[in-house]
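Visitor: Below are the structure tokens for one structure; questions will follow.
In this note's numbering, the protein residues as written are 75 to 419.
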């Protein structure tokens with residue numbers, strides 16, 4: 075059995091000094107946990123610092139416009155996290171008088187908060203013995219005990235949780251939870267773990283049986299879905315363009331984009347030109363069409379690859395449009411943001 079004292083002693087020596095570890099403020103802990111979902115610390119750190127500077131309290135976040143929150147989140151991905159964060163902040167500010175809930179079950183009621191985040195906040199901020207279970211913890215427990223149940227299944231969730239309830243230090247759950255996550259992040263890493271200096275080396279099933287690279291067991295990944303995006307970048311002689319807001323239940327909801335033609339396969343100039351005439355005559359009747367990138371840009375997301383072409387649509391005037399000078403005020407997916415950074419207006 076993993077000794078909690080050994081684990082927390084390791085943590086006291088080797089832990090990284092991160093800003094959210096210098097506070098017990100539940101708003102800051104919550105913010106850090108949401109940002110770090112599906113995100114590495116090095117990538118998430120600048121966003122965390124920008125958010126606490128821009129929105130130092132949950133009330134400041136609640137009063138912000140969603141577009142402002144999404145713009146600050148731009149480039150971090152998984153934008154539903156930002157929308158849920160904003161909605162939950164409004165709930166705490168308006169329905170709970172700005173007082174962050176202090177129990178696991180109440181925290182779990184916040185939009186976008188699951189078992190892991192609620193457990194982390196409850197233990198770190200309110201000393202509740204609620205064990206956390208994330209990818210790092212799955213890996214540590216699976217290797218140490220030799221558990222072959224595929225992770226990300228209901229059975230694994232209950233099996234691993236039961237073990238964690240048995241080994242968590244009820245007197246110091248905050249350090250235990252942070253220690254086991256940190257241990258998985260920097261010691262028991264997915265690849266090239268530092269087994270030679272591991273304090274649990276002699277007890278670890280995976281190390282003793284030379285099967286470290288076989289744990290944790292994962293289900294076969296889903297086959298990636300291919301999507302073909304053709305963005306129409308309208309440019310008028312008087313410096314205007316067209317933007318659309320993504321409102322469907324899909325990737326990048328509530329972010330902005332250029333008018334989009336999505337297809338099942340790669341499209342050629344003639345077919346794009348025909349669709350512009352059929353669908354976008356509300357904007358313009360005469361245009362010159364040029365392909366910006368000859369080779370499709372491939373943007374990889376979880377379980378889907380976006381094959382993208384940007385088509386420049388030159389027109390004399392637009393019946394509707396916004397000034398190019400205003401365009402960078404809008405929140406965009408990183409795919410379009412990267413295009414804006416390279417395209418010379």
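In this text, a Cβ means the ideal position worked out from N, Cα and C, and glycines have one as well.
The structure presented is a predicted model; accordingly, all values stated were derived computationally and were not measured.
How about residue 214 and residue 306: do their beta carbons lie closer than 7 Å?
Guide: It is not a contact, given that the beta carbons lie outside the stated cut-off.
Visitor: Give the single residue among 325, 337, 107 whose Cα lies nearest to the Cα of residue 190.
Guide: The candidate whose alpha carbon is nearest that of residue 190 is 107.
Visitor: What are the complete alpha helix (DSSP H) segments, minimum 4 residues, inside the stretch 162-222?
Guide: Fully enclosed alpha helix (DSSP H) runs of 4 or longer: 178-181, 189-200, 209-219.
Visitor: Leaving out five residues on either side along the sequence, give the residues of the same chain with a beta carbon under 6 Å from the beta carbon of residue 290.
Guide: Once the five neighbours on either side are set aside, the close Cβ partners of residue 290 are 212, 213, 216, 225.
Visitor: Counting along the chain, where does the beta strand (DSSP E) carrying residue 375 start and finish?
Guide: Its beta strand (DSSP E) spans residues 371-375.
Visitor: Which partner residues of residue 389 appear in the DSSP bridge assignment?
Guide: Partner(s): 310.
Visitor: Alpha carbon to alpha carbon, what distance is there between residue 245 and residue 374?
Guide: About 44 Å.
Visitor: Using 8 Å for Cβ pairs, my map puts residue 103 next to residue 198. What's the rounded Cβ distance?
Guide: With 8 Å as the limit, residue 103 and residue 198 qualify as a contact, their Cβ atoms being about 5 Å apart.
Visitor: Of all the alpha helix (DSSP H) runs that stay within the bounds of the stretch 237-312, which reach a length of 4 or more residues?
Guide: List check, alpha helix (DSSP H) in window: 247-260, 279-282.
Visitor: How long is the line joining the alpha carbons of residue 460 and residue 310, rounded to whole angstroms?
Guide: Outside the modelled stretch of the chain, which goes from 75 to 419, sits residue 460, for which no answer is possible.
Visitor: Find the nearest neighbour of residue 393 within the set 361, 121, 135, 90, judged by alpha-carbon distance.
Guide: Of the candidates 361, 121, 135, 90, the one whose C-alpha sits nearest the C-alpha of residue 393 is 361.
Visitor: Should residue 138 and residue 147 be called a contact, given that it needs their Cβ atoms to be closer than 7 Å?
Guide: The answer is no: Cβ separation not under 7 Å.
Visitor: For a quick check, are the C-beta atoms of residue 384 and residue 366 less than 7 Å apart?
Guide: Yes; because the gap between Cβ atoms is below 7 Å, this pair is in contact.
Visitor: Excluding five sequence neighbours on each side, which residues of the same chain lie with their C-beta closer than 7 Å to the C-beta of residue 205?
Guide: Taken in chain order, the residues that qualify are 193, 235, 238, 239, 242, 251.
Visitor: What runs of the beta strand (DSSP E), each 3 residues or longer, lie entirely inside the stretch 87-113?
Guide: Runs of the beta strand (DSSP E) inside the stretch 87-113: none found.
Visitor: Go ahead and label residue 122 buried or exposed: buried means 16 or more other beta carbons lie within 10 angstroms of its beta carbon, across all protein chains shown.
Guide: Residue 122 is buried by the Cβ-count criterion.
Visitor: Grab the span of the alpha helix (DSSP H) containing residue 364 for me, first residue to last.
Guide: Not the alpha helix (DSSP H): residue 364 falls in the beta strand (DSSP E), residues 362-365.
Visitor: Which stretch, first to last residue, makes up the alpha helix (DSSP H) that contains residue 140?
Guide: First-last of the alpha helix (DSSP H) with residue 140: 140-147.
Visitor: For residue 248, tell me which candidate among 277, 272, 196 has the shortest Cα-Cα distance.
Guide: Here the closest residue by C-alpha is 196.
Visitor: Just mark residue 258 as buried or exposed, buried being the case when its beta carbon has 16 or more other beta carbons within 10 Å.
Guide: Per the 10 Å Cβ criterion, buried.
Visitor: Can you give the Cα-Cα distance for residue 82 and residue 117, rounded to whole angstroms?
Guide: Going by the C-alpha atoms only, they are around 26 Å apart.
Visitor: Please report the straight-line C-alpha distance between residue 159 and residue 349, rounded to a whole angstrom.
Guide: Rounded to the nearest angstrom, the two C-alpha atoms are 38 Å apart.
Visitor: Using 10 angstroms around the beta-carbon of residue 75, count the other beta-carbons present and answer buried if the total reaches 16, otherwise exposed.
Guide: So residue 75 counts as exposed.
Visitor: Among all the DSSP beta bridges, which residues are the ones paired with residue 336?
Guide: 303, per the DSSP bridge assignment.
Visitor: What would DSSP say about residue 322, mapped onto helix, strand or coil?
Guide: If DSSP states are grouped into helix, strand and coil, residue 322 belongs with coil.
Visitor: Where DSSP assigns a beta bridge to residue 380, which residues make up the other side?
Guide: 301, 373, per the DSSP bridge assignment.
Visitor: Give the straight-line distance between the Cα atoms of residue 337 and residue 130, rounded to the nearest whole angstrom.
Guide: Distance between the alpha carbons of residue 337 and residue 130 is about 43 Å.
Visitor: Excluding the five sequence neighbours on either side, which residues of its own chain have a C-beta within less than 6 Å of the C-beta of residue 89, listed in chain order?
Guide: Only 256 meet the Cβ criterion.
Visitor: Do you know how far the Cα of residue 284 is from the Cα of residue 412?
Guide: Each residue's Cα considered, the two are about 44 Å apart.
Visitor: Can you tell me the Cα-Cα spacing of residue 141 and residue 286, whole angstroms?
Guide: The alpha-carbon atoms of residue 141 and residue 286 are separated by roughly 45 Å.
Visitor: Looking only at DSSP bridge pairs, what is residue 315 linked to?
Guide: Answer is 396.
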